[in-house]
Every structure is written in structure tokens, then in C-alpha cells.
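Undergrad: Let me give you the structure first, and then I'll get to my questions.
In my numbering, the protein residues as written are 28 to 477.
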């Protein structure tokens with residue numbers, strides 16, 4: 028019996044030619060909905076939107092993912108780049124959470140990292156094939172990556188700022204990004220990292236965040252204090268993750284430093300911008316074209332709704348899906364004071380306590396507490412007062428960029444033995460509900476917290 032051995036040789040396509048390609052099955056889940064391709068030395072997988080219909084005129088957002096160094100492979104692998112997140116994003120497309128393209132390149136470099144040439148190849152692929160041939164929206168490209176791929180996400184945004192509408196680097200910040208923020212401050216990006224990570228350390232990430240604050244950049248930051256390097260599955264599970272990518276658009280302007288609300292009498296002076304480098308810009312205020320506003324930024328000293336559109340080549344984008352609204356805000360209303368927990372505002376309480384803790388909600392930038400008769404400002408800047416005694420209290424709160432506010436309604440801590448003390452209840456009955464709970468049923472002339 029003669030055995031015949033065959034060797035199948037796959038020939039790589041010539042430069043600048045997109046071709047179908049091969050893959051090696053390495054995953055436990057079905058990845059066949061990701062089509063296999065090869066372009067200029069990079070093997071990649073592409074999943075089409077669920078609602079995709081060729082030639083129907085509809086354009087779709089694109090999600091580009093850069094894997095970490097552990098998911099590298101030979102040019103015949105073309106599978107392991109889907110190991111982290113591939114199934115999650117596949118399911119999001121199939122279940123109508125993200126009606127867009129999924130693009131997963133794989134590096135075959137020995138280090139497992141990404142170089143500038145590879146980043147440029149992917150930009151070339153998007154601009155020369157995916158946008159003109161399969162209806163990718165040139166103004167809605169999102170880039171995400173983990174670890175070394177998080178660094179590639181930064182690199183892609185810096186090298187191709189007009190291409191990326193949203194950038195989401197995970198565990199990939201570096202000190203060099205500090206110097207890059209000034210040039211990408213109008214790009215939308217969302218940074219995530221672990222508080223226990225050593226690479227990048229929280230210190231490194233905070234240097235980047237501080238520069239984002241200094242530049243008034245269009246950023247978000249999520250740190251997971253109890254996680255190390257591997258934050259991606261938690262990040263992908265964020266309720267706002269897919270909605271964020273669906274909301275990003277190159278024509279969405281950003282008010283530098285993020286302030287859009289002012290108090291009556293404030294001086295308004297806001298720089299509003301989008302990414303520089305497009306072939307054309309037009310701006311509107313309240314739907315009316317602003318003559319001469321043809322650059323990437325405008326300055327406003329008045330209230331109004333501001334939107335824009337940008338031009339790439341000969342194609343204009345739509346007007347800003349999310350415009351900037353500069354407006355006046357009303358005075359802050361200070362919240363009502365409450366006691367903390369199951370405590371009483373009548374002292375001494377039934378359990379013998381002679382003080383009570385008071386609170387208002389968190390989230391304000393400052394708190395001023397006063398005790399009345401005579402009026403005394405309490406040495407407390409937080410949302411609680413500990414050990415309040417009998418008397419009347421009020422609080423005034425301040426929001427970020429908040430307008431002047433008045434003090435809250437007066438809250439009384441009542442003297443049980445004083446003139447305003449509660450009368451004894453009548454027809455009182457007590458029923459034991461458990462070892463720690465009793466139900467009291469009776470008639471009071473006043474309802475008090477017990």
C-alpha cells in the first residue's frame with residue numbers, strides 16, 4: 028500500500044492586496060462568523076454587522092481591537108487574537124447590542140507587540156477597503172486594546188487622530204502618553220486600569236489623568252481598585268460600554284474642560300472643538316451657520332446650542348449627533364437633612380442616646396453646616412454631622428460650577444422632656460417580629476423617627 032503525502036502551501040498575496048486567508052482552530056467557542064483575511068503582512072478577522080445589507084446606503088460603526096502580547100500567532104494562526112473579548116463582542120453583535128463591524132488583527136512579531144507600521148497598515152485597510160467597499164462609517168471608528176494592545180490603542184489614536192471616534196485603552200497607559208494628550212484633547216477616550224496593577228502602576232495612569240485635567244481633555248477614567256492587570260472582562264461588562272461606542276462620532280464637539288453650565292452673571296468664555304486635521308469644518312449656533320467658522324475650534328461667550336460637521340476628502344459628516352449646549356443653570360437647592368440609620372431625632376432616645384448623627388447625600392463639592400439659636404457654623408465640611416445634640420440645624424451645599432444656594436429647611440433635634448417633646452402614645456401594643464425587631468402600634472399626636 029502506498030501512502031501519498033501532500034503539502035498545502037498557502038501563498039501570501041502581493042502588497043496592497045486584500046485576500047481571504049486561513050486560520051487554525053484554537054478556541055472552544057464557534058468563531059466562524061469572523062471571516063478570515065490577510066493584508067500587507069497582517070492576518071485579521073472581520074465580523075459583519077447583523078443588519079448588514081450590501082449597497083443599501085447604510086453605514087456602520089467599526090470596532091478595532093488590538094490584543095495583548097500573549098495572543099500573538101503565526102500568520103496561519105489568525106484565531107487567538109479572539110481569545111479575550113471575541114465571544115463577548117460577537118454576542119453583542121448577534122444580540123443587537125452593537126450593530127457594527129468587529130475587526131481583530133493579529134501580530135506575528137516575535138515580541139507579540141505592535142509597531143507603527145502595523146498600526147498604519149490597519150489604518151490603510153480601514154480607509155482604502157472597509158470605508159469605501161463595505162460601508163464602514165468613516166466618522167465612527169472605535170479602537171480598544173488590552174495591555175500591549177492598550178499601548179497600541181494609544182499609538183493608533185496619536186498617529187491617526189481623525190480616524191478614531193472613540194479610544195478605549197485598557198491597562199496600557201505609559202508616561203509618554205502625558206506628552207501626547209495636548210494633541211488629542213478633543214478626541215474621546217476612556218482609560219481603564221487596575222488599582223493593584225504594576226504595569227501600568229496607578230501612579231503612571233494618574234500622571235496621564237492629571238495631564239488630561241490640565242488640558243481639559245475629552246476623557247473618562249475608570250480604575251478598579253481591587254483588580255490587577257486583567258481589568259478587561261470587568262470593563263467590557265460596564266453598562267455604558269457598548270452605548271459609549273455607539274454614541275461616539277468625529278463630529279461630536281467637546282467644550283474644553285467640560286463646563287457647559289454657568290450661573291447668571293458669570294463670564295462665559297468657552298473653547299469648543301473637534302479633532303484637527305480634517306479637510307473642512309462648518310459650525311452652527313442654534314441651527315444657523317456661523318460665518319467664517321471654518322476651523323477645528325470656535326470660541327463662544329454666549330449661551331446656545333453649538334454643532335458642527337467635518338469633511339474627510341469630499342465627504343461631509345452629518346451634523347453633530349451630540350451638540351454642545353451652553354446654558355445658564357438655576358441655583359442649587361440644598362437637600363433636606365435626615366438622621367442616619369434607624370435613629371431618633373428625639374433625645375434622649377428610647378435607648379438612652381443623647382446625640383444623633385445627621386446627613387445629606389454625597390456628591391457635592393462642599394457643605395456648610397449651621398446650628399441655630401444662636402447661629403454657629405459647625406467645624407464640618409462633609410455630608411454628615413456626628414454627635415448632634417438638641418437644637419435646630421441647616422446645611423448649604425455647593426455643586427461643581429454650582430450657583431449660589433440657600434440653606435436647607437431647618438431640621439430639629441427635639442428635647443424629649445421639653446415643651447415640644449412628644450406626648451405619650453395611647454393604645455400602644457408591641458408585637459415581637461424576631462429577636463431583633465418589634466412592631467409598635469399606637470396613636471401619637473406627632474410621628475417621630477424611632
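Every residue gets a Cβ at the ideal spot worked out from N, C-alpha and C, and that includes glycine.
(1) Which word fits residue 379, buried or exposed, when buried means at least 16 other C-beta atoms lie within 10 angstroms of its C-beta?
(2) Contact between the region 427-443 and the region 353-364: three or more CB pairs below 8 Å?
(3) The beta strand (DSSP E) with residue 218 in it runs from where to where?
(4) Using only alpha-carbon positions, find the residue among 309, 288, 196 and 273 that is nearest to residue 248.
(5) Give the single residue among 331, 314 and 300 whose Cα lies nearest to the Cα of residue 321.
(6) Throw me the rounded Cβ distance for the residue 69 and residue 148 pair, which I believe falls under 8 Å.
(7) Identify whether residue 163 lies in helix, strand or coil by the three-state DSSP scheme.
(8) Do you know whose CA, among 442, 325 and 206, lies nearest residue 283's CA?
(9) Do residue 215 and residue 194 have their C-beta atoms within less than 9 Å of each other?
(10) Would you tell me roughly how many angstroms separate the C-alpha atoms of residue 308 and residue 364, rounded to the nearest one?
(11) Could you tell me if residue 118 is buried or exposed, where buried requires 16 or more neighbouring beta carbons within 10 angstroms of its beta carbon?
(12) Buried or exposed for residue 165, going by 16 or more other Cβ atoms inside 10 Å?
(13) Distance, Cα to Cα, residue 62 vs residue 43?
(14) Of the residues 160, 172 and 162, which one's Cα is nearest the Cα of residue 134?
(15) Does the distance from the C-beta atom of residue 354 to that of residue 289 stay below 9 Å?
(16) Measuring straight from C-alpha to C-alpha, what distance separates residue 422 and residue 367?
(17) Roughly how many angstroms lie between the CA atoms of residue 480 and residue 400, to the nearest whole one?
(18) If you draw a straight line from the alpha carbon of residue 45 to that of residue 333, how long is it in whole angstroms?
(19) Could you check whether the region 114-132 touches the region 71-91, counting it as contact only if at least three pairs of C-beta atoms, one from each stretch, sit closer than 8 Å?
(20) How about residue 285 and residue 243: do their beta carbons lie closer than 9 Å?
(21) Around the C-beta of residue 188, are 16 or more other C-beta atoms found within 10 angstroms, so that it is buried, or is it exposed?
(22) Quick one: residues in its chain with C-beta nearer than 6 Å to the C-beta of residue 477, no 5 flanking neighbours on either side, listed in chain order?
(23) Tell me the DSSP bridge mates of residue 430?
(24) Go through the region 240-269 residue by residue and report every complete run of the beta strand (DSSP E) that reaches 3 residues or more, in order.
(25) Below 9 Å between beta carbons: does that hold for residue 162 and residue 277?
(26) How is residue 141 classed by DSSP in three states: helix, strand or coil?
(27) Quick check: the Cα distance between residue 51 and residue 37, rounded to an integer number of angstroms?
(28) Can you grab the Cα-Cα spacing for the pair residue 433 / residue 418, in whole Å?
(29) I need the straight-line Cα distance from residue 441 to residue 388, nearest angstrom please.
(30) Tell me whether the region 136-152 and the region 102-116 touch, counting them as touching only if at least three CB pairs, one residue from each stretch, are closer than 8 Å.
(31) Across which residues does DSSP place residue 197 in a beta bridge pair?
(32) Exposed or buried, which one is residue 264 when buried takes at least 16 other CB atoms within 10 Å?
(33) How many angstroms separate the CA atom of residue 313 from the CA atom of residue 350?
(34) Which word fits residue 472, buried or exposed, when buried means at least 16 other C-beta atoms lie within 10 angstroms of its C-beta?
(35) Give me the Cβ distance between residue 152 and residue 66, rounded to the nearest whole Å; I'm assuming they're in contact under 8 Å.
(36) Measure the beta-carbon distance from residue 213 to residue 302 and round it to whole angstroms, keeping in mind my assumption that it falls under 8 Å.
TA: Quick answer:
(1) Counting of Cβ neighbours within 10 angstroms places residue 379 among the exposed residues, the total staying below 16.
(2) Touching, yes, given that three or more Cβ pairs across the two stretches are closer than 8 Å.
(3) 215-221 is the extent of the beta strand (DSSP E) around residue 218.
(4) Comparing Cα-Cα distances from residue 248 to each of 309, 288, 196 and 273, the minimum goes to 196.
(5) Restricting attention to 331, 314 and 300, the CA atom closest to the CA of residue 321 is found in 300.
(6) Rounded, the Cβ-Cβ distance is 5 Å, consistent with contact.
(7) Look at residue 163 here: in three-state DSSP terms it is strand.
(8) Nearest of 442, 325 and 206 to residue 283, Cα basis: 325.
(9) Using a Cβ distance threshold of 9 Å, residue 215 and residue 194 count as a contacting pair.
(10) Their Cα atoms are separated by approximately 50 Å.
(11) Exposed, since its Cβ has fewer than 16 Cβ neighbours within 10 Å.
(12) By the 10 Å Cβ count, residue 165 comes out buried.
(13) For residue 62 and residue 43, the distance between alpha carbons rounds to 19 Å.
(14) When only C-alpha atoms are compared, the closest one is 172.
(15) Taking 9 Å as the Cβ cut-off, residue 354 and residue 289 qualify as a contacting pair.
(16) The alpha-carbon atoms of residue 422 and residue 367 are separated by roughly 15 Å.
(17) Coverage of the chain is limited to positions 28 through 477, which leaves residue 480 absent and any answer about it impossible.
(18) Taking the straight line from one Cα to the other gives about 41 Å.
(19) Segments in contact, yes.
(20) Taking 9 Å as the Cβ cut-off, residue 285 and residue 243 qualify as a contacting pair.
(21) Looking at its Cβ environment, which holds 16 or more other Cβ atoms inside 10 Å, residue 188 is buried.
(22) Here the model assigns residue 477 a pLDDT of 37, short of 50, so the residue's position is not dependable, and the following value carries that caveat. So the qualifying residues of the chain are 371.
(23) According to DSSP, which records beta bridges pairwise, residue 430 is partnered with nothing at all.
(24) For the region 240-269, whole beta strand (DSSP E) runs of length 3 or above, ordered along the chain, are 246-251.
(25) Taking 9 Å as the cut-off, the Cβ atoms of residue 162 and residue 277 do not count as close.
(26) Look at residue 141 here: in three-state DSSP terms it is coil, with no helix or strand label.
(27) Rounded to whole angstroms, residue 51 to residue 37 spans 13 Å at the Cα level.
(28) Taking the straight line from one Cα to the other gives about 20 Å.
(29) Roughly 22 Å between the two C-alpha positions.
(30) The region 136-152, when compared against the region 102-116, does not touch it at the 8 Å Cβ threshold.
(31) Its beta-bridge partners are 173 and 219.
(32) A residue is called buried when at least 16 other Cβ atoms come within 10 angstroms of its Cβ; residue 264 does not meet this threshold and is exposed.
(33) Their backbone Cα atoms lie some 10 Å apart in a straight line.
(34) Confidence at residue 472 is low in this model, with a pLDDT of 47, below 50, so its placement is unreliable and the value that follows should be read with caution. Result: exposed.
(35) Rounded, the Cβ-Cβ distance is 5 Å, consistent with contact.
(36) Yes, they are in contact, since the Cβ atoms of residue 213 and residue 302 sit about 5 Å apart, within 8 Å.
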